[in-house]
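Notes for the one structure printed next.
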Amino acid sequence: MKHVLKSLVLAGAVAIVLAPVQARADGWIAPWLGSSFGSSIDNGRGTFGVSAGGMGAGIVGGEVDFGYNPSFFGTVNDFGNNSVLTATGNLIIGIPIGGTSGKGVRPYVLGGVGLIRTQIEGVNTVALFRPSSSNNMFGWDVGAGVMGFFNDHIGLRGEMRYLRATHDMNSGINTIDLNGDKLHFWRPSIGVVFR
Numbered sequence: 009m010k011h012v013l014k015s016l017v018l019a020g021a022v023a024i025v026l027a028p029v030q031a032r033a034d035g036w037i038a039p040w041l042g043s044s045f046g047s048s049i050d051n052g053r054g055t056f057g058v059s060a061g062g063m064g065a066g067i068v069g070g071e072v073d074f075g076y077n078p079s080f081f082g083t084v085n086d087f088g089n090n091s092v093l094t095a096t097g098n099l100i101i102g103i104p105i106g107g108t109s110g111k112g113v114r115p116y117v118l119g120g121v122g123l124i125r126t127q128i129e130g131v132n133t134v135a136l137f138r139p140s141s142s143n144n145m146f147g148w149d150v151g152a153g154v155m156g157f158f159n160d161h162i163g164l165r166g167e168m169r170y171l172r173a174t175h176d177m178n179s180g181i182n183t184i185d186l187n188g189d190k191l192h193f194w195r196p197s198i199g200v201v202f203r
C-alpha cells in the first residue's frame, strides 16, 4: 500500500510541476466512462474514472487521471475478483478553437507517467486456498482527444488513450519489451467536462 501512495503522490506532483501557473489558467474536472481492449484481456471491458487538470492560456498544461477497470482480465467465475487501477500525471497540449471561455472546441494530445496496479483474487480451487496477486507497476500513457464546450462551464470530452506498464507483471523485473508481453491496453472514453 505504501508503494501505491508513493506513486499517487508522484503522479500528482508531476501534474502540478507541469501545469503552468498563470492568472488565466483554464481548469476542468471530467468524470468519464469507457472501455478497455488489447493486451491479454477480454475486449470491451468497462472502465470509469475522473480526470482533472488545467491549461495556462489554453495551450499547455497538466492533468491527473485516475481510472478503475473492474473485471479487467475476465469474469469473476474465471479469474475471481480482478481489476486494474491507473493513476497518471500528464502533460497536455491543446488548441482552443473559439477561445478559452464560452462555446468552443479544443483538440489535444497528452502523455505522462504514473502507476498501473493489478489485483487478482483467484477463484476458490480448494476449500481454504484462494490464490491472489497484486502488482504495482510504473507505467506511461499517451493519447489524443477533443473537448467541446456548450458554454463557459459545461462540455463533453472524448478521448483515446494507450497505457503500458514498464515491467513484466509476473517477474516484477524491468526489461525491454521485445515480445510484447508487458501489460498494455487501449482506453476509449467519453465524459462530461466541468470547467
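Letter by letter, the sequence shown follows residues 9 to 203 in the working numbering.
Where a beta carbon is used, it is the ideal one built from N, C-alpha and C, also for glycine.
- In the structure shown, the three-state DSSP call for Asn85 is helix.
- One thing to note: Gly112 has its Cβ no nearer than 9 Å to the Cβ of Trp148.
- Distances from the alpha-carbon of Ile128 to those of Arg172, Gly88 and Pro39 put Gly88 closest.
- For Ala173, the closest of Val92, Met155 and Arg165 by C-alpha to C-alpha distance is Val92.
- Note that the C-beta distance between Phe146 and Leu123 is below 9 Å.
- Taking a C-beta distance under 9 Å as the contact criterion, Arg195 and Ser59 do not qualify as a contact pair.
- In terms of CA proximity to Phe45, Phe80 leads the group Gly75, Phe80, Ala38 and Ser140.
- Gly35 and Tyr170 have their C-alpha atoms roughly 23 Å apart.
- For His192, the number of other beta carbons within 10 angstroms of its own is at least 16, and it is reported as buried.
- Annotated three-state conformation of Gly151 is strand, per DSSP.
- Across the structure, Val200 and Val72 are spaced so that their CA atoms are roughly 16 Å apart.
- The straight-line gap separating the alpha-carbon atoms of Gly166 and Gly153 is approximately 6 Å.
- Within the DSSP secondary-structure output, Phe202 pairs in a beta bridge with Ile37 and Ile162.
- A Cβ-Cβ contact shorter than 9 Å links Pro104 with Ile67.
- The closest CA to that of Gly70, considering only Tyr76, Gly61 and Asn77, is found on Gly61.
- Secondary structure at Phe193: strand, using DSSP grouped into helix, strand and coil.
- Boundaries cannot be given for Ser79, as no beta strand (DSSP E) includes it and DSSP labels it neither H nor E.
- Between Met155 and Gly102, the C-beta gap is smaller than 9 Å, which places the two residues in contact.
- Looking at the backbone, the Cα of Tyr116 and that of Ile100 are separated by about 7 Å.
- In terms of Cα proximity to Gly151, the closest of Gly54, Thr96, Ile37 and Asn85 is Thr96.
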